[in-house]
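To keep things clear, I will list the structure first and then write my remarks on it.
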Amino acid sequence: MNQTQPNVYNTLVLVTDQFTCERIIKAARVIADLSKTDLTVLSVMKTGAQINPAALEHLFGVAKEYGAKMTVEFSNNPQSAIVHSIRENRVINAVTGMPRDESSILVRMWKTLQNVTFFTVNEKGELHEVVDREFAAAIEIGAR
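Under our numbering, the first residue of the sequence shown carries the number -11, and numbering increases by one thereafter.
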(Lines of atoms letter the chains of each structure in order from A and count residues from 1; the text may use other names and numbers.)
(Lines give C-alpha, C1' and ligand atoms only; values in the text may rest on other atoms or scores of the structure.)
Protein backbone atom coordinates (compact mmCIF):
# COMPACT_ATOMS: atom_id res chain seq x y z
CA MET A 1 0.00 0.00 0.00
CA ASN A 2 1.64 3.19 -1.18
CA GLN A 3 -0.34 6.13 0.22
CA THR A 4 0.81 9.68 -0.28
CA GLN A 5 1.16 11.43 3.06
CA PRO A 6 0.16 15.09 3.26
CA ASN A 7 2.97 17.55 3.70
CA VAL A 8 3.64 18.79 7.21
CA TYR A 9 4.15 22.40 6.08
CA ASN A 10 2.22 24.69 3.78
CA THR A 11 2.65 27.58 1.42
CA LEU A 12 -0.16 30.12 1.79
CA VAL A 13 -1.33 32.51 -0.90
CA LEU A 14 -3.15 35.61 0.31
CA VAL A 15 -5.53 37.09 -2.25
CA THR A 16 -8.28 39.66 -2.45
CA ASP A 17 -11.36 39.38 -4.67
CA GLN A 18 -9.65 40.70 -7.80
CA PHE A 19 -9.04 38.84 -11.05
CA THR A 20 -5.43 40.06 -11.02
CA CYS A 21 -4.67 37.87 -7.99
CA GLU A 22 -4.37 34.96 -10.43
CA ARG A 23 -0.69 35.91 -10.90
CA ILE A 24 -0.06 35.41 -7.16
CA ILE A 25 -1.46 31.87 -7.19
CA LYS A 26 0.63 30.97 -10.25
CA ALA A 27 3.83 32.31 -8.65
CA ALA A 28 3.08 30.58 -5.36
CA ARG A 29 2.87 27.21 -7.11
CA VAL A 30 6.59 27.59 -7.88
CA ILE A 31 7.41 28.25 -4.20
CA ALA A 32 5.26 25.31 -3.07
CA ASP A 33 6.98 22.99 -5.55
CA LEU A 34 10.47 24.15 -4.57
CA SER A 35 9.74 23.81 -0.85
CA LYS A 36 7.75 20.58 -1.28
CA THR A 37 4.78 22.05 0.58
CA ASP A 38 1.04 21.95 -0.01
CA LEU A 39 -0.47 25.07 -1.53
CA THR A 40 -3.48 26.81 0.00
CA VAL A 41 -5.18 30.05 -1.00
CA LEU A 42 -6.88 32.33 1.51
CA SER A 43 -8.94 35.45 1.08
CA VAL A 44 -9.88 37.26 4.28
CA MET A 45 -12.21 40.23 4.00
CA LYS A 46 -13.80 42.51 6.53
CA THR A 47 -17.21 41.36 7.68
CA GLY A 48 -19.86 43.10 5.58
CA ALA A 49 -17.44 44.07 2.80
CA GLN A 50 -18.69 44.23 -0.78
CA ILE A 51 -17.24 41.29 -2.69
CA ASN A 52 -16.70 40.49 -6.34
CA PRO A 53 -18.25 37.01 -6.68
CA ALA A 54 -17.12 36.59 -10.30
CA ALA A 55 -13.50 37.25 -9.34
CA LEU A 56 -13.70 34.87 -6.37
CA GLU A 57 -15.20 32.16 -8.56
CA HIS A 58 -12.40 32.71 -11.08
CA LEU A 59 -9.77 32.46 -8.32
CA PHE A 60 -11.34 29.24 -7.01
CA GLY A 61 -10.91 27.83 -10.53
CA VAL A 62 -7.29 29.00 -10.74
CA ALA A 63 -6.54 27.54 -7.30
CA LYS A 64 -7.98 24.20 -8.39
CA GLU A 65 -6.01 24.31 -11.65
CA TYR A 66 -2.79 24.82 -9.66
CA GLY A 67 -3.57 22.09 -7.13
CA ALA A 68 -4.52 24.39 -4.27
CA LYS A 69 -7.42 24.47 -1.84
CA MET A 70 -9.04 27.92 -1.48
CA THR A 71 -10.89 29.36 1.50
CA VAL A 72 -12.74 32.66 1.88
CA GLU A 73 -13.21 34.06 5.39
CA PHE A 74 -14.93 37.14 6.74
CA SER A 75 -13.58 38.75 9.90
CA ASN A 76 -13.75 42.01 11.81
CA ASN A 77 -9.99 41.59 12.28
CA PRO A 78 -8.47 40.27 9.02
CA GLN A 79 -4.90 40.40 10.32
CA SER A 80 -5.78 38.21 13.30
CA ALA A 81 -7.62 35.76 11.03
CA ILE A 82 -4.61 35.53 8.70
CA VAL A 83 -2.14 35.06 11.57
CA HIS A 84 -4.39 32.37 13.05
CA SER A 85 -4.50 30.57 9.69
CA ILE A 86 -0.71 30.79 9.34
CA ARG A 87 -0.16 29.28 12.78
CA GLU A 88 -2.89 26.62 12.55
CA ASN A 89 -1.80 25.40 9.13
CA ARG A 90 1.97 25.34 9.72
CA VAL A 91 2.65 27.88 7.00
CA ILE A 92 6.34 28.36 6.24
CA ASN A 93 5.90 30.43 3.06
CA ALA A 94 3.38 33.20 2.43
CA VAL A 95 2.93 34.69 -1.04
CA THR A 96 1.11 37.99 -1.50
CA GLY A 97 0.72 40.96 -3.77
CA MET A 98 2.53 44.21 -3.04
CA PRO A 99 1.49 46.20 0.04
CA ARG A 100 0.16 49.69 -0.68
CA ASP A 101 1.88 51.44 2.22
CA GLU A 102 3.70 50.95 5.50
CA SER A 103 0.44 50.58 7.47
CA SER A 104 -0.51 47.49 5.43
CA ILE A 105 -1.41 44.28 7.23
CA LEU A 106 1.30 42.61 5.13
CA VAL A 107 4.08 44.85 6.43
CA ARG A 108 2.96 44.27 10.02
CA MET A 109 3.00 40.51 9.46
CA TRP A 110 6.50 40.66 7.92
CA LYS A 111 7.74 42.18 11.15
CA THR A 112 5.91 39.88 13.58
CA LEU A 113 6.01 36.49 11.85
CA GLN A 114 9.75 36.00 11.62
CA ASN A 115 9.44 32.22 11.16
CA VAL A 116 7.52 32.64 7.88
CA THR A 117 9.28 33.39 4.60
CA PHE A 118 7.27 36.03 2.74
CA PHE A 119 7.26 36.56 -1.01
CA THR A 120 5.61 39.32 -2.99
CA VAL A 121 4.42 39.18 -6.57
CA ASN A 122 4.43 42.45 -8.47
CA GLU A 123 1.95 43.43 -11.18
CA LYS A 124 4.18 41.85 -13.84
CA GLY A 125 3.97 38.51 -12.03
CA GLU A 126 7.58 38.66 -10.80
CA LEU A 127 8.24 36.89 -7.52
CA HIS A 128 10.53 38.43 -4.87
CA GLU A 129 11.44 37.18 -1.42
CA VAL A 130 10.95 39.74 1.34
CA VAL A 131 14.46 39.78 2.82
CA ASP A 132 14.45 43.22 4.42
CA ARG A 133 11.15 43.36 6.26
CA GLU A 134 11.01 47.14 6.22
CA PHE A 135 8.44 48.54 3.81
CA ALA A 136 10.69 50.91 1.82
CA ALA A 137 13.27 48.22 1.06
CA ALA A 138 10.62 45.71 -0.01
CA ILE A 139 8.96 48.17 -2.36
CA GLU A 140 12.30 49.02 -3.92
CA ILE A 141 12.99 45.33 -4.61
CA GLY A 142 9.49 44.77 -6.00
CA ALA A 143 9.83 47.69 -8.39
CA ARG A 144 12.89 46.28 -10.11
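Glycine included, each C-beta is placed from N, C-alpha and C at the ideal position.
Based on the DSSP output, what are the partners of residue i in its beta bridges?
{"i": "Ser31", "result": "Val60"}
{"i": "Leu115", "result": "Val109"}
{"i": "Leu0", "result": "Thr28 and Ala82"}
Would residue i be called buried (16 or more neighbouring beta carbons within 10 Å of its own) or exposed?
{"i": "Asn81", "result": "buried"}
{"i": "Asn(-2)", "result": "buried"}
{"i": "Ile39", "result": "exposed"}
{"i": "Ala42", "result": "exposed"}
{"i": "Gly85", "result": "buried"}
{"i": "Ser73", "result": "buried"}
{"i": "Ala126", "result": "Low confidence applies here, because Ala126 scores a pLDDT of 49, under 50, leaving its location unreliable; read the following figure in that light. It counts as buried."}
{"i": "Val79", "result": "buried"}
{"i": "Arg11", "result": "buried"}
{"i": "Val32", "result": "buried"}
Less than 8 Å between the CB atoms is what I'm expecting for residue i and residue j, so what's the real figure, rounded?
{"i": "Leu22", "j": "Val1", "result": "That pair is no contact at about 14 Å."}
{"i": "Val18", "j": "Leu115", "result": "7 Å"}
{"i": "Asn(-5)", "j": "Thr25", "result": "5 Å"}
{"i": "Leu101", "j": "Val71", "result": "7 Å"}
Taking 8 Å as the threshold, find out whether the region 58 to 65 comes into contact with the region 99 to 111 through three or more Cβ pairs.
no
Determine, using beta-carbon pairs with one atom in the region 29 to 47 and one in the region -2 to 16, whether at least three such pairs fall under 8 Å.
By the C-beta criterion, the region 29 to 47 is judged to be in contact with the region -2 to 16, since at least 3 inter-stretch pairs fall below 8 Å.
May I have a chain-ordered list of the beta strand (DSSP E) segments no shorter than 3 residues that lie completely inside the region 75 to 109?
79 to 84 and 105 to 109
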